[in-house]
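To keep things clear, I will list the structure first and then write my remarks on it.
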Amino acid sequence: DAGVTQTPRHEVAEKGQTIILKCEPVSGHNDLFWYRQTKIQGLELLSYFRSKSLMEDGGAFKDRFKAEMLNSSFSTLKIQPTEPKDSAVYLCASSLHSGNTLYFGEGSRLIVV
Amino acid sequence: GDSVTQKQGQVTLSEDDFLFINCTYSTTTYPTLLWYVQYLGQGPQLLLKVTTANNKGISRGFEATYDKGTTSFHLQKASVQESDSAVYFCALVPGGNYKPTFGKGTSLVVHP
Numbered sequence: 015d016a017g018v019t020q021t022p023r024h025e026v027a028e029k030g031q032t033i034i035l036k037c038e039p040v041s042g043h044n045d046l047f048w049y050r051q052t053k054i055q056g057l058e059l060l061s062y063f064r065s066k067s068l069m070e071d072g073g074a075f076k077d078r079f080k081a082e083m084l085n086s087s088f089s090t091l092k093i094q095p096t097e098p099k100d101s102a103v104y105l106c107a108s109s110l111h112s113g114n115t116l117y118f119g120e121g122s123r124l125i126v127v
Numbered sequence: 020g021d022s023v024t025q026k027q028g029q030v031t032l033s034e035d036d037f038l039f040i041n042c043t044y045s046t047t048t049y050p051t052l053l054w055y056v057q058y059l060g061q062g063p064q065l066l067l068k069v070t071t072a073n074n075k076g077i078s079r080g081f082e083a084t085y086d087k088g089t090t091s092f093h094l095q096k097a098s099v100q101e102s103d104s105a106v107y108f109c110a111l112v113p114g115g116n117y118k119p120t121f122g123k124g125t126s127l128v129v130h131p
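Now the structure itself:
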């Protein structure tokens, strides 16, 4: 079985640009999460979907971050406009059901200059 | 709300040393407590899971224990290897809930 696939693996953006990160969850999984990872803050939840419905959108990240789940096998995270402080690794994870083990992708490393 | 505290930011050991990483948690439910490991360039992956039904979990030479009295859970390994160098995250899934709360991670560096 394929794991969680994230693209691109690396992205360099100029301040003010719009970037879109993509995620394909494990086939058959119902829950999908987007996290931002930095050394200082660790893993911060950006969005959580259950069966394609948005359950949580990460409060402080609402204004410039928008996650969508277009179908059960594809999700995007849009950052608009980007700022240098958005430089981080963005991780997508999926799980079969609520409370089950999360399977993470390898992440998309974003650098905003 | 639910929370997890993982204070050790970095641990540096030599091969064959003993590893001990501690997390404390706060929840009003009966949680499942987990340890994830993240190797360089990869996403985190589940290492161990401990529930209130079984106070201990063992995998790949690692052991996780849970102490309800002190609301803490630990990860330990008797003899670390250089290949164990990674970031270790503790996490809590509250009973009846759906999303984990993660600690900030402990970076383990093992020197040969």
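Those protein sequences? They're chains A and B, same order as listed.
Quick note: to get the numbering used here, add 14 to the position in the first sequence (first position is 1).
Quick note: to get the numbering used here, add 19 to the position in the second sequence (first position is 1).
Backbone N, C-alpha and C define an ideal beta-carbon position, used for all residues, glycine too.
Against chain A, the beta carbon of threonine 51 of chain B has neighbours under 8 Å at Gly113, listed in chain order.
Boundaries of the beta strand (DSSP E) around serine 61 of chain A: 56 to 64.
Unbroken beta strand (DSSP E) runs of no fewer than 3 residues, entirely contained in the stretch 21 to 53 of chain B, are found at 22 to 24, 29 to 33, 38 to 45, following chain order. The three-state secondary structure of glycine 73 of chain A, taken from DSSP, is helix.
The three-state reading of DSSP puts glutamate 120 of chain A in coil, since its state is none of H, G, I, E or B. Neighbours of glycine 121 of chain A in chain B, taken as residues whose beta carbon is under 7 Å from its own, are Gly62 in chain order. In this chain, the beta strand (DSSP E) harbouring valine 103 of chain A covers 102 to 109. Here glutamate 101 of chain B carries a helix assignment [DSSP, helix/strand/coil].
The Cβ atoms of leucine 38 of chain B and tyrosine 44 of chain B lie no closer than 8 Å to each other. In summary, no residue of the stretch 71 to 99 of chain A has a CB separated from any CB of chain B by less than 8 Å. Closer than 8 Å to the CB of leucine 35 of chain A there is not a single CB belonging to chain B. Spatial neighbours of glycine 30 of chain A in its own chain (CB-CB distance under 7 Å, excluding positions within 5 residues in sequence) are listed in chain order as Pro95, Thr96. Using a Cβ distance threshold of 8 Å, phenylalanine 108 of chain B and phenylalanine 121 of chain B count as a contacting pair.
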